[in-house]
Every structure is written in structure tokens, then in C-alpha cells.
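In terms of numbering that gives the first Met the number 0, the sequence shown has 55 at position 56, counting the first letter as 1, and numbering is strictly consecutive.
Where a beta carbon is used, it is the ideal one built from N, C-alpha and C, also for glycine.
One structure is given below, encoded as C-alpha cells.
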Amino acid sequence: MTIRITGMNSGLDTESIITELVSAQSAKKNSLVKAQTKLSWKMDAWKTLNSKIYSFYTGTVSDLRFSTAYAKKKTTVSNSSVASVIADANATDGVQTLKVNKLAKSGYLTGAELKKSNGSLASYTSSTKLKDIEGMQLGGDGKISLTLKTGGKSTDISLSGDATIAELTKQLKNAGVNASFDETYQRFFISSTTTGKDADFSLTANDQNGFNALSALGINVLDTATKSEYTRFANMSDADKAAYIDAQVQAKTESANAAITAAEKTITDNQKLFDEFFEKNTDPELVKDDLQTSEQIKTYKEKLTAYRDGLKDAPEGETEEAKAEREEKLKAAEATLKSVDTLAGYVSKIESAQQTKADNEVLVANNSASIRNEVTQDLEKRITMAKTALTSSAYSGQATRIEGQDAEIELNNATFTSAANNFTINGMTITALTESSDTITLTTANDYDGIYDTIKKFIKGYNELINEMDKLYNADSSKGYEPLTSDEKKEMSDSEIEDWEKKIKDSLLRRDSTLSDVSSAMEEVMGAGYTIGGKTYYLSSFGINTLGYFTAADNEKHAYHIDGDKDDSSTAGNTDILKTMITNEPKTVIDFFQQLNNSLYTKLTEKMGANSMRSIYKAYNDKQMKQEYDDYTSDIAEQEEKLTALQDKWYRKFSAMETALAKLSSKTSAIAGLLG
């Protein structure tokens, strides 16, 4: 912004004078700015209203064109504490019998209390190592091998004695169950993640260390699922063994090959980053051939770190020039160390991936001979352990087990099962709530109240929209009110500005022809008659009417009211014709409202169709308004240029005057000096 200092010689308030001189031009610009602001507010008002029209059009009106929207059924349960039922349109009318034999359950294992050798309650925490738990007898390599099976998926869990309780629960969770250790009660809690028999779990030991560990942890139980797993291994035939080994070899081979592929990608990606680093490197201290391995990088970094540290301390008597040189070297050393750390990351990932690749290549070599040998040995251990487990008595006696089970009901004497307590049968959604030996009844019939509520919801939606449109159309005039300029706002309080702008915004769609066109079209459809079976029906035929011009509240003169509606104080005392018609002539009611909504949908589709002035699904001329807004922007910019040019013109003239006055003053002073 140009800063001008004027009136120094003339003593005139040049700024005020010029402001007055250009006020006419400034007013032209301000008039355009106000008009554009008002148009912007009008566009926002239409956007808000259009959203409501579109929602009504695509929601209620669209749905009620189809008979399915009125196909309501209701099922009454003789004992709602046993089961609840929701009926859809396909449910069969009549009375049916129901008996709930079983509720679906999740599998739960509550471990035995963990105690010290003296019998007192232990004080283990999530960070306690497994080998430090009382009774944890780990022989051989000290490894704990377990298998958790849930939902048909088996996951091997391998832990060392140095693993913590937290690591054990984490592996159990990763295997597909909920698992936690309560430090207050010194118990493990394990449960399936969903209900049902197939979601239950088994936790088996694969060797003696695993069996001892389960016992020490208080979670060694021989429940149905666990016993089934042990039995499966103990009774394996030669054919079963061969199939198991082949399946395990295939799975482990696929896993090894995937690991090789991933490792190769890691090597390629990081080698590329390593090479690109040296292509861009400008540091002469970094030599690519000397930094190929982690060991080389470690040695180099140790030397560089010692060099860097040596630069931190200033020697006695250091000059300013020497100090600047030392600090520059220190800065360079820090930067080089940062680069070395970057390289170390690349090399570390490369070396780790190379090792992973080599290890897995050994496994898959010779047709996965190493994997097959490992799986065969592991299977023999599992079989031996299974046979031992089935005859052992060393189980956690204080542990409790609830086995997962499916829900079971009898509907009309036919048995149905489900993993959850919900059943969807022949148009009914049945939720079992309580096991009971009693047989209850389910009575299904047309839900006339549901049809009534559907129509009531439609009338309510229409009323809300048409009342809003009437309110906007009949708004009080804001004649004499225009958007405020920034200078005008300075003279008013925040509340005064808010009230001023609200007055304008509330009246933006007053007497709007487009708004009138849309609302009139909707009113026309609602007031029309529709023929059913040779007879013409109107909304009034079903006891649905407007209140009349003098009875209805302001801006509610086109709203409809249902006779006998208990929620409507205006018509609650009238005879409820609609409910009577729904009960006695449901097809007539449904046909009428289908026709009405089809007509309303067609009319709104027409009013919101795209053309040269509006976009699709817009009830107002949004394209035209946008063009007008852009035109204002151009006109404002043009007037702004003219205003600036006019201001500059007057500033130049006053500046010339000030210069002339300065020269005159100088000459006058000189003459006075001569005469003095």
C-alpha cells in the first residue's frame, strides 16, 4: 500500500478532501459490493432450502411410491421375557409356537488362582517372566509350545521361559481369543470373541514343557474342545499323519517363499536408497566402498563421533577466526553423522533381509526337506503329548470352563440352531432372550398402526417443508436495509450488526417467483384427486385437511392435519377417518398414497431438472446466480481500478500544489532574509 504524506505546506486535510472528491465513484463500487454480498446470502439461503427439498424428494416421497413401504406386519409375543420378534412384510399371518431350548454362549476359561509354595496368593504382574512362576518346570531347551484353535483355525504359540505374562496374553489374543491376567485375583481369563459352538476354543500342549506350563498357569483343562484335539492327534492313522504333514509342509513352504519375496523387495528398495544417497552425496568424507556393511559403518561412526566431540571444547586462547573455523567443522561433522545414521538404517535393513532370505532358502531347499523333517518330528512330539494328556490327572482343578454353544429354538416343533441368539425365519427376526421349558405363541398380523405412522410421517415431512417455504416467501420486507460496509460496521455494536444482517437474510426469498413456483406445484399435487376402483379420492376423503385461512397459524395455511391425531391439538377431537380406512380398506389407502407420492415425485423431478440456468437436482437457478456473482466480481474490479485512478489523479494535483507552495515559501524566506 502506498503511504502518502500530504498537506505539509498548505495545512489542508488533503485526505478528507480527496475522499469527498472521489465519494461518488466510491459509492458506485460499494453499491456493487453490497449487491454481490446480498446475492451471496441469497445463494446460501437457496442451498439450505434446496437441501431440505431434495431430502424430502429422495427420502419419504421416493419410498412411498412403492407398496413395500406400506407392507407392515407386527408379531405379538405371549411372553416377551422369552423372546422378541420383528416381522417384515413377508411374515405369515397367524399364530405360531416357539420354545427356546438354549441360548448361544461364548467359550470361557477362568484360570485357577496362582499361589506361592506356601499356599498364599501369588503376586505376579504382567511383567513377570514365565520361568519365575511357581511350578513352572521347563526341561530341555526351556521352550513352551502350545496350540490354540478357534473357529477352525489353529495357531502355534512358542514362548521361552524369559517371556512375560504380558507376552503370553498378547500371543493368545493374536491367535483369536480374548485373554487377560488379573493381578488382583491372580487368575487368567480367556474367552472366545463371539458366541456359538464353532467359535469355541481349545488350548493344547504340544510337548511336556507346554503341559507343565499350562498347569503352572492354572489354565490346564480337559474340556470337550481340548479333549477332541488331543484325541485327534492320539488316534491319528498313518494316512492322517501323512495328510497332516503334507498340509503343514505346504503352509510352511508358502510362508517361507513369501518371506523370501518380501526380503528380496526390502533388499532392492533399500539398496536403491543407498545408491541414490551416494549419487546425490557432496560430502567428500563419505566414501561408498568404505560403508558397505554395518561393521564398517559402526567403525567409521565411532571415529567420526570422537572427532566431533573433540571439536566441542574451545582451546585456550582461541581467536575469533579459529573459533569460526572450529564451529564450521563441528557443524559439518554433525551433518556427516546424520548422513551416516541414514546409511546405517539402509544397510541394517539390507543385512537383516539378506539373513531372512538365506534362512528361508535353506528351509525350502531340496523340495522343503528341512521343513518336512521339522514337521515330522514335531508331529511325533504332539502325538506323544496327546496320549499322555488324555491319561493325565495333572489338570487345573480350580479352573472353570464354560463351553461355547449355539442357540437352539423350536418354531412350530421344528428345531433351528444359530451361533448367535438371533434367527431370521420366514419373514421374522426372532431374538432368544431366556431358556425356557414353556412353549409361547407368536401372533402375526397386518400392522395397521405401522401404516398409519408411515402416512403420518409423510404428512409431517410435507408440513415442515411447506411451512418453511411459506415463511420464507411471506417474510417481512427489509426495504431500506443493505449489507454493511466495513466503515459502517465500525459505527455499530456486534449485536446491532447481527440484528441488521438477520433482517436482510430473513427476507432474501420474500416474494421469490421460483420459490412460489415450487411450493405451488407441491400444493397442487396435494390437493389433487386420485382414482381408485372408479372412484376419485382426495386427502380429505381420509380425514386429512388444511385448517383454513382464518384458523391456521401464520405460514401454516397449506399444512395438513389428520383428524383424530392425538398429537395434534387442532384435530385430536375429530373422528379418526384415516385409521378406520386403513383397517377396513387398506388397499384403497395404500393405492391413494402411492399415486399421490408418484405424482409428487414426478412434479419435483420436473422442478429440479437441469437446464441452462440450473443444475440437476436444484430447485433454483444456481447457474444463473453463479454467473451473476462472477459478473459482480468483474464489475467491482473495474470500479476499483477507476476509483484508484481517480484518487491518484487528485493526489498528483495536490502534490503539485504542495510543491509550488514549498518553492514559494522558500523564495519568500530568501527575500525576507535580504530585507532583514
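Residue i vs residue j beta-carbon contact at 9 Å
i: SER435; j: VAL99; result: yes
i: LEU362; j: TYR243; result: no
i: VAL32; j: THR484; result: yes
i: MET624; j: TYR616; result: no
i: TYR123; j: GLU182; result: yes
i: HIS560; j: ILE581; result: no
i: GLU555; j: ASN610; result: no
i: ALA406; j: ASN425; result: no
i: SER83; j: THR149; result: no
i: VAL60; j: LEU599; result: yes
i: THR154; j: LYS128; result: no
i: GLY160; j: GLY134; result: no
i: ALA385; j: THR203; result: yes
i: ASN620; j: THR513; result: yes
i: GLN397; j: GLY195; result: no
i: SER367; j: LYS251; result: yes
i: PHE210; j: THR387; result: yes
i: MET427; j: THR47; result: no
i: LYS356; j: ILE296; result: no
i: ILE429; j: ASN78; result: no
i: GLU409; j: LEU102; result: no
i: TYR394; j: ASN219; result: yes
i: THR341; j: PHE277; result: no
Backbone secondary structure at residue i - three-state DSSP
i: THR230; result: helix
i: ASN412; result: coil
i: ASN78; result: coil
i: GLU402; result: coil
i: GLN638; result: helix
i: VAL286; result: coil
i: GLU407; result: strand
i: VAL84; result: strand
i: ARG186; result: strand
i: ALA520; result: helix
i: ILE156; result: strand
i: MET427; result: strand
i: PHE422; result: strand
i: ALA661; result: helix
i: TYR243; result: helix
Exposed unless 16 or more other CB atoms sit within 10 angstroms - verdict on residue i
i: MET7; result: For MET7, the predicted structure reports a pLDDT of 49, less than 50, and the residue's modelled location is therefore unreliable. A value from the coordinates is still provided. It is exposed - the Cβ of MET7 has fewer than 16 other Cβ atoms within 10 Å.
i: ALA352; result: buried
i: ARG721; result: Outside the shown range of the chain, which is 0 to 675, sits residue 721, and nothing can be said about it.
i: LEU147; result: buried
i: THR91; result: exposed
i: SER417; result: buried
i: LYS330; result: exposed
i: SER25; result: buried
i: ALA332; result: buried
Residue from the options whose Cα sits closest to the Cα of residue i
i: PHE65; options: ILE259, ASP590, THR74 and GLY118; result: ASP590
i: TYR299; options: THR428, LYS196, SER518 and LEU285; result: LEU285
i: ASP566; options: LYS41, LYS455 and ALA393; result: LYS455
i: ASP87; options: SER540, THR423 and LYS251; result: THR423
i: LYS27; options: VAL248, TYR619, ILE635 and ALA321; result: ILE635
i: VAL517; options: ASP564, MET42 and ILE52; result: ILE52
i: PHE541; options: GLY563, PHE273 and LYS73; result: GLY563
i: ASN280; options: LYS337, ALA241, PHE549 and ALA257; result: LYS337
i: ALA111; options: GLU523, PHE180 and MET612; result: PHE180
i: ILE370; options: ARG307, PHE549 and GLN247; result: GLN247
i: LEU471; options: ASN29, ALA23, GLU19 and LYS41; result: LYS41
i: THR444; options: LYS71, THR335, LYS37 and TYR56; result: A quick correction: the sequence has Ala, not Thr, at residue 444. Ranking the options by Cα distance to ALA444, first place goes to LYS71.
i: SER119; options: GLN185, SER144 and ALA103; result: GLN185
i: SER347; options: LEU290, ILE458 and SER80; result: LEU290
i: THR375; options: TYR461, GLU319, SER50 and PHE232; result: PHE232
i: LEU63; options: LEU663, VAL588 and MET612; result: VAL588
i: GLU627; options: MET612, THR550, GLN270 and ALA121; result: MET612
i: THR335; options: ASP358, PRO283 and ASN372; result: PRO283
i: SER693; options: TRP499, TYR69, LEU221 and ASP486; result: The structure shown does not extend to residue 693, since the chain spans only 0 to 675, so no value can be given for it.
i: THR225; options: ALA215, LEU145 and GLU294; result: LEU145
Integer-rounded CB distance, given that residue j should sit under 8 Å from residue i
i: SER105; j: SER227; result: The pair is not a contact, with the Cβ atoms about 18 Å apart (cut-off 8 Å).
i: SER569; j: LEU546; result: 6 Å
i: GLU402; j: ASP575; result: Incorrect: roughly 55 Å between the Cβ atoms, too far for contact.
i: TYR529; j: LEU577; result: With a Cβ gap of about 15 Å, TYR529 and LEU577 do not count as contacting.
i: SER506; j: ALA558; result: Not quite, the Cβ-Cβ distance comes to about 22 Å (not below 8 Å), so this is no contact.
i: SER126; j: ALA174; result: Their Cβ separation, rounded to whole angstroms, is 21 Å, which puts SER126 and ALA174 out of contact at 8 Å.
i: TYR480; j: ILE496; result: That pair is no contact at about 12 Å.
i: THR399; j: THR109; result: 5 Å
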